[in-house]
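Student: Before I ask anything, here is the structure I am working with.
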């Protein structure tokens with residue numbers, strides 16, 4: 480137990496893949512909502528809240544629907560965005576960067592928000608992907624209990640598969656409310672993570688990417 484607490488309190492990732500049980504999708508969304516609703520009701524009642532109050536009556540149902548349909552919706556593989564690729568007919572061979580993609584995720588250790596920006600880049604090897612698909616991939620992997628390091632890796636791995644190239648990179652700069660609002664309560668700090676694939680491991684290419692996004696962090 481003490482080791483588990485140490486891992487969680489220090490926000491340490493244990494796997495590149497999201498930890499999911501084999502029966503994760505046996506229940507329907509509606510069945511999950513009903514179970515979570517009862518659990519949230521129990522939590523609030525245990526805390527001493529009066530759920531007969533008009534302001535609180537609908538809270539268990541709202542939270543349950545939010546968990547299943549919204550903030551953890553990226554757990555379900557059926558919600559994975561389709562990512563059609565296109566031939567790079569205009570022969571654009573330089574780096575393509577989509578920066579300042581908004582990230583809303585949830586820390587899996589305390590279930591508190593992670594809020595920040597993702598910067599994603601790739602170098603085409605003959606195919607390109609629609610710009611909005613890059614945003615959707617970020618959103619899909621963010622909408623689950625997460626660790627920022629894993630999120631960064633998952634975004635890169637997915638785009639590498641979609642584009643059939645190793646030349647993909649992602650940097651995320653985000654605030655963790657589990658750090659900002661509890662524990663050390665440091666409201667100024669943010670966490671920066673990076674994953675560089677293929678040519679982005681080369682110093683010259685990596686520096687070009689950092690120049691594009693105006694990030695001065697050294698990697």
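Numbering (the working numbering), first residue to last: 480 to 698. Here a beta-carbon is modelled for each residue, glycine too, at the ideal position from N, C-alpha and C.
Going by DSSP, what residue range makes up the beta strand (DSSP E) through residue 581?
Tutor: Residue 581 -> beta strand (DSSP E) spans 574-586.
Student: With a threshold of 8 Å on Cβ separation, who are the neighbours of residue 544 within its own chain once the five nearest residues in sequence on each side are excluded?
Tutor: Closer than 8 Å at the Cβ level, and outside the excluded window around residue 544, lie 512.
Student: Just curious, the beta strand (DSSP E) that residue 596 is in, first and last residue?
Tutor: Counting along the chain, the beta strand (DSSP E) containing residue 596 begins and ends at 592-602.
Student: Please return the same chain residues whose Cβ sits closer than 6 Å to the Cβ of residue 580, not counting the five positions on each side in sequence.
Tutor: Excluding residues within five positions, the ones whose Cβ falls inside 6 Å are 597, 614, 617.
Student: Relative to the ligand MG, is the shortest distance from any of its heavy atoms to the C-beta of residue 689 smaller than 7 Å?
Tutor: With respect to the ligand MG, the structure shown offers nothing to examine, as it has no ligands at all.
Student: Hey, out of 555, 574, 623, 550, whose CA is closest to residue 502's CA?
Tutor: Nearest of 555, 574, 623, 550 to residue 502, Cα basis: 555.
Student: When the Cα of residue 669 is compared with those of 637, 685, 493, 594, which residue comes out closest?
Tutor: Looking at the Cα atoms, 594 is the closest of the given residues.
Student: In this structure, how does DSSP classify residue 637 when only helix, strand and coil are distinguished?
Tutor: Of the three classes helix, strand and coil, the one that applies to residue 637 here is helix, per DSSP.
Student: Does the distance from the CB of residue 638 to the CB of residue 626 come in under 8 Å?
Tutor: Taking 8 Å as the Cβ cut-off, residue 638 and residue 626 do not qualify as a contacting pair.
Student: Does the region 670-679 come into contact with the region 647-660, if we say contact requires no fewer than three beta-carbon pairs (one atom in each stretch) closer than 8 Å?
Tutor: As far as the Cβ criterion goes, the region 670-679 touches the region 647-660, which means the pair count is three or higher.
Student: Measuring CA to CA, which of 534, 548, 532 is closest to residue 510?
Tutor: Minimum Cα distance to residue 510 is reached at 548.
Student: Residue 605 to residue 507, Cα distance in whole Å?
Tutor: Going by the C-alpha atoms only, they are around 40 Å apart.
Student: At a Cβ threshold of 8 Å, is residue 597 touching chain C?
Tutor: No chain C is part of this structure, which consists of one protein chain only.
Student: Measure from the alpha carbon of residue 672 to the alpha carbon of each residue in 498, 524, 654, 563, then state which is nearest.
Tutor: Of 498, 524, 654, 563, the residue nearest in Cα terms is 654.
Student: Using the C-alpha atoms, what's the distance from residue 584 back to residue 550?
Tutor: When rounded, the distance between both Cα atoms is 7 Å.
Student: Here's the rule: buried if 16 or more other CB atoms are within 10 angstroms of the residue's CB, otherwise exposed. What is residue 571?
Tutor: That one is exposed.
Student: Measuring straight from C-alpha to C-alpha, what distance separates residue 589 and residue 657?
Tutor: For residue 589 and residue 657, the distance between alpha carbons rounds to 6 Å.
Student: Residues bridged to residue 504 by DSSP?
Tutor: Residue 504 pairs with nothing; no bridge assigned.
Student: Report the option in 607, 578, 667, 630 whose CA atom is closest to the CA atom of residue 493.
Tutor: Per the Cα distances, 630.
Student: Helix, strand or coil for residue 556? Go by DSSP, reduced to three states.
Tutor: Correct three-state label for residue 556: helix.
Student: Start and end of the beta strand (DSSP E) containing residue 681?
Tutor: That residue, residue 681, is in no beta strand (DSSP E); it is neither H nor E in DSSP.
Student: Are residue 599 and residue 634 close, meaning C-beta to C-beta below 8 Å?
Tutor: The answer is yes: Cβ separation under 8 Å.
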